[in-house]
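Here's the structure we're looking at; comments come further down.
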Amino acid sequence: MAQLEVENVTLVFGGLAALSAVSLEVEEGELVSIIGPNGAGKTSLLNCISGFYHPTRGRIRFEGHDLTHASPHTATRYGIARAFQNIELFSGLTVLENLLLARYTHLGYGLAAASVYYGRAQEAEVRARALVEEVIDFMELEPYRKAPVGNLPYGVRKRVEVARALALEPKLLLLDEPMAGMTLEEKEDMVRFILDVRSERGTTIVLIEHDLGVVMDISDRVYVLDFGEVIASGPPREVAENPRVLEAYVGGEA
Amino acid sequence: MRNVWAETGNYKTDYRQDSSIFATRLEQLSLIGFLLALFLLPLFLSRTQMFVADLIVIYALAVLGLNIITGYAGLINIGQAAFMGVGAYTAALLAPGLPFWLTIPIGGLVAALAGAVVGIPSLRIKHLYLAIATLAFQVIFEWIVGHSPLLKQGGAIPMPRVVFLGYRVGYKNHYYFWYFVALVVLILLAFAFRNLLRTRFGRALVAVRDNDRAADAMGMHPGLTKIFAFALGAFYAGVAGGLYAYFSRAVVIEDYMLPVSIKFLAMAIVGGLGSLPGSFFGPAFLVLLDLNMEDFANWMKRLGLSYAGVDIASAMRPLTFGLVIVLFLVFEPRGLANWWRLVRNYFKNWPFRY
């Protein structure tokens, strides 16, 4: 049984089908990419998996839990973390506080302990801090630790977005265009981070990305969406040669 | 060697140090000194001046509660005075049978319950629509009190004089006694909130303010977090209400009506939304300003200044109040707390600023 199973998911907004009968399977430890032209439904699919949308028909299962109607915080508790395409950070907080927020559910102390900040609460906070510092170290965010996120440059905020998802210690990491709008150098860094996450933590990764060069280089398997349907799937090389994919990307014969 | 007087040149060597409230011994000592000064203040003030000091301390508590809801969690609350009223009326009903150190906390808890109920719409609605829900609570509160024979339809319910540790609080020491009680309560509750701010609860409040989609993705329930914010802020207001009831010796509906809620919002804005010290600056500044305008108006009255038969003096207070708020919104939207922050940051790396 695959870790993540998306079965015949259909998502309808009004009369428009954003996704129609999409099926997808991801094995534990795999790096799977989803590609497709703009408006193909890639982000909608990610929204369904992470609980922001609920499919009109079909089923989503993660490690045996039914996520079809789960809310985002339930999906998070099962071990799914997500980095958003349009940066959704807590802009008034520092990088450190943003990452600490990801430890929210792991910090188990109660209100009374927190209001005196002593004993359990303090110990738990110190442990959370140590874990978050590891992520900061990993994502090379040390210079920005105490900086309010709202003032940081775009490329760094994208990195904080991924770091915050990592601080959740997820089993499945959903990355929605983590390299969009980045310079070549920033992109190379991000690819290195993604590969390191995989090799060091063994996290399953689902990646949406427009840069086909990156996708073909690092993915185990690729799904291609067009107009809400999976038109091709398989290892990168096979998919790249699929005529339907070429048609969707380059356009049909004139 | 650690520099105990200034932060400059100090390296933190563990995470515990980094999360401490005071960066240096000096900061800690100056706060202790300031608090001591507050406790010694009554030695230098007359009975009338103590009345003002009491008012500022109690208002600061209510505004701190409002800051939790509106400043930190970003939920506009136009019903803070009603939460205060819930605490005050609870204390008034229980006062004949129970001592004040029970009635006031119970009042806070009842207000917290009311806050949680008012927070329920935040599961569905946001921003201005939620603000209207808090306004609705204010109106419902006023209506219920106005129609309830038990609460004398908003007329004065007298509060008994209290006896504490065999010490009878009478006319002469009334304001002194309640000053100390209110100050101790304010300091305890302010420290409790300062501690919450460096834990998951405090961060969760700011998270739902900044981005509740992302807060959801962090595994917290945004709606429940907002309800928690309302309950916590209303608890502070309820305790303030209980204190106010004893302090003013009677519970009257006028003290807990809509204009008071608006006044609290103004104090929070002038002090600085989302700032703990701002919760103290705002009430202190506006109460003292109001008082000075009163003096100024009386002085003008004696000079016989009036226009077309209208007494300018009596218009001075609301006019300056409005003017101050507009000036703050335009020139210093982050309030007095921002000036405080600038001063502190200047001295942070002093004397090596580069």
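As you go down the protein sequences, you meet chains A and B in turn.
Just so you know, we're using this note's numbering here: the first sequence kicks off at 1 and counts up by one.
Just so you know, we're using this note's numbering here: the second sequence kicks off at 255 and counts up by one.
C-beta: ideal position from N, C-alpha, C; glycine also.
Annotation for Gly-58 (chain A): the continuous beta strand (DSSP E) segment containing it runs 57–62. In this structure the segment 142–159 of chain A touches the segment 86–103 of chain A; the number of beta carbon pairs closer than 8 angstroms is three or more. Rounded to the nearest whole angstrom, the CA to CA distance from Gly-328 (chain B) to Val-514 (chain B) is 20 angstroms. Residue burial is scored here from C-beta neighbours: Trp-553 (chain B) has fewer than 16 other C-beta atoms within 10 angstroms and is therefore classed as exposed. If you check each beta-carbon in the segment 64–79 of chain A against every beta-carbon of chain B, the ones closer than 9 angstroms belong to Ser-71, Pro-72, His-73, Thr-74, Ala-75, Thr-76 and Arg-77. A Cβ-Cβ distance of about 15 angstroms is found for the pair Phe-455 (chain B) and Ala-102 (chain A), leaving them out of contact under the 8 angstroms criterion. Per the coordinates, the alpha-carbon of Glu-134 (chain A) lies some 59 angstroms from the alpha-carbon of Glu-548 (chain B). Out of B:Thr-267, B:Lys-266, B:Ser-273 and B:Tyr-269, the CA that lies nearest to the CA of Leu-451 (chain B) is found in B:Ser-273. Across the structure, Arg-127 (chain A) and Leu-107 (chain A) are spaced so that their CA atoms are roughly 9 angstroms apart. Glu-7 (chain A) is bridged by DSSP to A:Arg-59.
Residues of the segment 123–143 of chain A with a Cβ closer than 8 angstroms to any Cβ of chain B, in chain order: Glu-125, Val-126, Arg-129, Ala-130 and Glu-133.
For Glu-97 (chain A), the chain B residues whose Cβ falls inside 8 angstroms of its Cβ are Arg-457 and Val-460, in order along the chain.
Closest in C-alpha terms to Val-371 (chain B), from the list B:Gly-325, B:Phe-484 and B:Tyr-313, comes B:Phe-484. For Thr-183 (chain A) and Leu-100 (chain A), the gap between their C-alpha atoms comes out near 28 angstroms.
According to the DSSP assignment, Ser-33 (chain A) belongs to the beta strand (DSSP E) that extends over 31–35. For Arg-457 (chain B), the uninterrupted alpha helix (DSSP H) segment begins and ends at 454–464.
Take Ala-165 (chain A), set aside five residues on each side of it, and the residues of its chain with a beta-carbon closer than 7 angstroms to its own are Ala-81, Arg-82, Ala-83 and Leu-173, in chain order. Using beta-carbon distances, His-428 (chain B) does not count as an interface residue toward chain A, since no partner is under 7 angstroms. The beta carbons of Ala-504 (chain B) and Ala-342 (chain B) sit no closer together than 7 angstroms. Ranked by Cα distance from Leu-419 (chain B), the first of B:Leu-389, B:Phe-354 and B:Ala-385 is B:Phe-354. Boundaries of the beta strand (DSSP E) around Asp-176 (chain A): 172–176. Assigned with DSSP and collapsed to three states, Phe-52 (chain A) falls in coil, not helix or strand. Residues of the segment 108–124 of chain A with a C-beta less than 8 angstroms from any C-beta of chain B: Tyr-109, Leu-111, Ala-114, Ser-115, Val-116, Tyr-117, Ala-121 and Gln-122, listed in chain order. In the DSSP assignment, Glu-134 (chain A) falls outside any beta strand (DSSP E) and within the unbroken alpha helix (DSSP H) covering 120–138.
Under DSSP, Val-524 (chain B) takes part in no beta bridge, so it has no partner. Contacts with chain B at 7 angstroms (Cβ-Cβ) include Glu-88 (chain A).
Contact between Val-22 (chain A) and Asp-220 (chain A) does not hold, since their C-beta atoms are separated by about 19 angstroms, which reaches or exceeds 8 angstroms. Residue environment for Tyr-117 (chain A): buried (at least 16 other C-beta atoms within 10 angstroms of its C-beta).
The Cβ atoms of Leu-590 (chain B) and Gly-487 (chain B) lie no closer than 7 angstroms to each other. With distances taken between CA atoms, Ala-385 (chain B) lies nearest to B:Ile-330 out of B:Ala-469, B:Ile-330 and B:Ile-394. Of all residues in the segment 434–456 of chain B, the ones placed with a Cβ closer than 7 angstroms to any Cβ belonging to chain A are Ala-446, Asn-449, Leu-450, Arg-452, Thr-453, Arg-454 and Phe-455, in chain order. Going by C-alpha positions, Ile-87 (chain A) is about 7 angstroms away from Arg-157 (chain A). Annotation for Glu-25 (chain A): no alpha helix (DSSP H) segment contains it, though the beta strand (DSSP E) segment containing it runs 16–26. Under the Cβ criterion of 7 angstroms, Met-474 (chain B) is counted among the residues facing chain A.
Contact between the segment 9–29 of chain A and the segment 137–145 of chain A is absent, with fewer than three C-beta pairs closer than 8 angstroms. In terms of Cα proximity to Lys-555 (chain B), the closest of B:Ser-568, B:Val-423, B:Leu-545 and B:Thr-302 is B:Ser-568.
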